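The structure appears below as structure tokens.
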DNA sequence: TTGAAAGCGTTACCAC
DNA sequence: GTGGTAACGCTTTCAA
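Residue numbers (this note's numbering), protein chains in the order written: chain E, 1 to 335; chain Y, 1001 to 1335.
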């Protein structure tokens, strides 16, 4: 029952011979619109089922030059936003008959080498859900000639397709919300500094503060999207400035920040400092945090991504599919 | 730059023709121990590099009957233990030249149908990291003739290979620890009731309590491994019994439980109730929770799994590879 | 509608 | 060590 003893599965040729039809017939039985009579198809499929035959996808790939495999490039599975994203994506792809080949990028190492398998396995499309810095060059080498879609990020100076939430709108909504609460002094805590989503949120937030006549008390970079970075950054902000609100570039940062403010600084959230995040991960809904955040339209983003993979999506301006998010007000900005 | 225009990559035959060697030579240049002269190999590899040739893994699979793809069967990406596990696994596999094909099981639907692609894509091995109920039958159908490894679970009455942490030992360590703290009344909160890991922890914990002369105050089932289930269960236990300690079947349950005890019941952890979990997920180390737990030896488990995939592991008794975990004492059981 | 045969891009076996 | 050639299991013309 362990490796080695692969008694090879039955092939189309064998099946055909047993039924007394041609191998082509077997192939056609499995091809949706093929020109084959219902009876023939029925006969073949039932025989196949009882003999345990199923078409070899590898051989099929070789001859059709379509693998029905989508490469998913990932790097930050520890940010809780991503596991859910990947799970949803993988499910969505499965529903349209695509398999998911997972690539975990290791930042230091040679990207090209890590992505080589993307080409060698003939993946039909590549979906990039990694915030990690990726040179457009390595990317287009790896994806050359295939559909490539980035989720939640863009790459400047490349016309790669992106599916994103409206980051700027979300950041402005947060600023407006702080303002409506009467807070006039707000800070921004960044995640991965040069990530496009981070920059968009940052710029829009800061610009909106200015429009509203509010004060930007601090603008610090966590350096990564993690609990620890949020924790550290919150301490830094709270200790060195007098701020009434903090907008963290995403939820996991905010969660770390809340813990730091409450448990280490003894501050009240939202009493002393209002807090908002971005994404709306599950944790944001936990009573302990009850985090105000801007929800990314995850399902819609995945749906659009799957449409792009299958070629059933209308083109978007600048190849950027911008989907609307939603401000979710919870207790970290109550009152 | 989008789909459709796959200008096909160069083939070995073309490359060979351009260099003026045989196609076999090209193949040998890429085969580690092949009988080819260093000069020839060098010449081919450099030409290949400059012409952008790389061997087609699909064709190679067809002829070698090895895909270098491992199927990873998953179902609970929302339990934070799994994303890290999957990431580590995928990295480990990548290092031995294996790709990861991800399968997200949807519990309700037809398992066989969902796993059909495992056979069709000729995966070399299957790693199951799902706690979801899987009939041994569906499993052996899907994995027939290939290496199949389960992580963190076993299937009774099947001699499938498993890589597990010593659940019983961990549960006993928790019981002993509670006892050493002077707690005499303890509860158990289960996750997925019939999951093997859950049962092992449960039985060993309860048995040990008896040996130690302690009282089992409650034995409730959360129903799933989730924050919400832990939250609910903790409330139930705290409201209906007088307990001095709770052992949650895993960390995410415990985290939910702690929040419920503290924020909803106004109890002190560990003052009123000591809490322990299992796994040692990142959250367990957060200052807010600082959860005492039994750490699963994740790296060792992955290492062993990769060895099993590559056939480089010595056999284990009953095909169950039991790796030792470690009790991590933190503040939820301090004092 | 059906069957025969030529690919798809490798690897493996065989001579040389 | 090297080149020719048959698989590998399927899809896709092309005739019938």
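Positions of the beta carbon are idealized from the N, C-alpha and C atoms, including for glycine.
Since the structure is predicted, the reported quantities are computational estimates derived from the model, not experimental observations.
Only counting the same chain, and skipping five residues up and downstream in sequence, which positions put a Cβ closer than 7 Å to that of residue i?
{"i": "residue 387/E", "result": "Here chain E has residues from 1 to 335 only, and residue 387/E is not among them."}
{"i": "residue 302/E", "result": "88, 89, 92"}
{"i": "residue 231/E", "result": "256, 257, 259, 260"}
{"i": "residue 2/E", "result": "With a pLDDT of 37 at residue 2/E, under the threshold of 50, the predicted position of this residue should be treated as unreliable, and no value is reported."}
Find the residues of chain Y that neighbour residue i, judging by a C-beta separation of less than 7 Å, and give them in chain order.
{"i": "residue 224/E", "result": "The contacting residues do not exist; residue 224/E stays about 13 Å from chain Y at best."}
{"i": "residue 87/E", "result": "1077, 1104"}
What does residue i reach in chain Y if we use C-beta pairs closer than 9 Å?
{"i": "residue 227/E", "result": "1282, 1283, 1286"}
{"i": "residue 84/E", "result": "1077, 1078"}
{"i": "residue 101/E", "result": "1069, 1099, 1100, 1101, 1102"}
Just the Cα atoms here: how many angstroms apart are residue i and residue j?
{"i": "residue 1188/Y", "j": "residue 1307/Y", "result": "35 Å"}
{"i": "residue 1123/Y", "j": "residue 96/E", "result": "20 Å"}
{"i": "residue 1285/Y", "j": "residue 1291/Y", "result": "6 Å"}
{"i": "residue 23/E", "j": "residue 1020/Y", "result": "37 Å"}
{"i": "residue 144/E", "j": "residue 215/E", "result": "46 Å"}
{"i": "residue 1272/Y", "j": "residue 240/E", "result": "37 Å"}
{"i": "residue 10/E", "j": "residue 30/E", "result": "15 Å"}
{"i": "residue 171/E", "j": "residue 265/E", "result": "26 Å"}
{"i": "residue 77/E", "j": "residue 1083/Y", "result": "6 Å"}
{"i": "residue 1423/Y", "j": "residue 1198/Y", "result": "This structure does not reach residue 1423/Y, given that chain Y is present from 1001 up to 1335, and the question cannot be answered."}
{"i": "residue 35/E", "j": "residue 287/E", "result": "59 Å"}
{"i": "residue 317/E", "j": "residue 160/E", "result": "12 Å"}
{"i": "residue 1181/Y", "j": "residue 1127/Y", "result": "39 Å"}
{"i": "residue 314/E", "j": "residue 196/E", "result": "24 Å"}
{"i": "residue 1125/Y", "j": "residue 236/E", "result": "48 Å"}
{"i": "residue 1107/Y", "j": "residue 1138/Y", "result": "13 Å"}
{"i": "residue 335/E", "j": "residue 270/E", "result": "8 Å"}
{"i": "residue 1309/Y", "j": "residue 1063/Y", "result": "20 Å"}
Would you give the residue range spanned by the alpha helix (DSSP H) that residue i belongs to?
{"i": "residue 94/E", "result": "81 to 95"}
{"i": "residue 1195/Y", "result": "Segment: none, residue 1195/Y is in no alpha helix (DSSP H) and carries neither H nor E."}
{"i": "residue 1284/Y", "result": "Counting along the chain, residue 1284/Y falls outside any alpha helix (DSSP H), and DSSP gives it neither H nor E."}
{"i": "residue 24/E", "result": "23 to 29"}
{"i": "residue 17/E", "result": "12 to 19"}
{"i": "residue 1307/Y", "result": "1298 to 1309"}
{"i": "residue 1062/Y", "result": "1057 to 1064"}
Kindly list the residues whose CB is nearer than 8 Å to the CB of residue i, restricted to its own chain and excluding five residues on each side of it in sequence; keep chain order.
{"i": "residue 340/E", "result": "Look at the range of chain E in this structure, 1 to 335, and you will see that residue 340/E is not part of it."}
{"i": "residue 166/E", "result": "322, 323, 324, 325"}
{"i": "residue 1238/Y", "result": "1260, 1261, 1265, 1267, 1273"}
{"i": "residue 48/E", "result": "15, 26, 29, 54"}
{"i": "residue 1058/Y", "result": "none"}
What residue range does the beta strand (DSSP E) around residue i cover?
{"i": "residue 39/E", "result": "Segment 38 to 51 is the alpha helix (DSSP H) holding residue 39/E; no beta strand (DSSP E) there."}
{"i": "residue 1186/Y", "result": "1185 to 1190"}
{"i": "residue 70/E", "result": "69 to 74"}
{"i": "residue 314/E", "result": "No beta strand (DSSP E) holds residue 314/E; DSSP gives it neither H nor E."}
{"i": "residue 1327/Y", "result": "1326 to 1328"}
{"i": "residue 106/E", "result": "Counting along the chain, residue 106/E falls outside any beta strand (DSSP E), and DSSP gives it neither H nor E."}
Which same chain residues end up closer than 6 Å to residue i when comparing Cβ atoms and leaving out the 5 residues on each side of it in sequence?
{"i": "residue 193/E", "result": "221"}
{"i": "residue 136/E", "result": "155, 158"}
{"i": "residue 175/E", "result": "205, 208, 209"}
{"i": "residue 1247/Y", "result": "1174, 1188, 1205, 1276"}
{"i": "residue 1168/Y", "result": "1200, 1204"}
{"i": "residue 279/E", "result": "81, 250, 251, 296"}
{"i": "residue 79/E", "result": "225, 252"}
{"i": "residue 1223/Y", "result": "1229"}
{"i": "residue 185/E", "result": "215, 217, 243, 244"}
{"i": "residue 1098/Y", "result": "1068, 1070"}
Which residues of chain Y have a Cβ atom closer than 8 Å to the Cβ of residue i, listed in chain order?
{"i": "residue 119/E", "result": "1009, 1054"}
{"i": "residue 91/E", "result": "1104, 1106"}
{"i": "residue 253/E", "result": "Result: empty, since nearest Cβ-Cβ is about 13 Å, beyond 8 Å."}
{"i": "residue 116/E", "result": "1054"}
{"i": "residue 259/E", "result": "1286, 1287, 1288"}
{"i": "residue 263/E", "result": "1287, 1288"}
Listing by chain order, which chain E residues have their CB less than 8 Å from the CB of residue i?
{"i": "residue 1061/Y", "result": "58"}
{"i": "residue 1122/Y", "result": "56, 57, 58"}
So with CB distances below 9 Å, who are the chain E contacts of residue i?
{"i": "residue 1094/Y", "result": "103, 104, 106, 114, 117"}
| request: Within the region 112 to 172 of chain E, note down every full beta strand (DSSP E) run reaching 3 residues or more, in order along the chain. | output: 125 to 128, 147 to 151, 161 to 165
| Contiguous alpha helix (DSSP H) assignments of at least 4 residues, all confined to the region 209 to 272 of chain E | 227 to 240, 251 to 259
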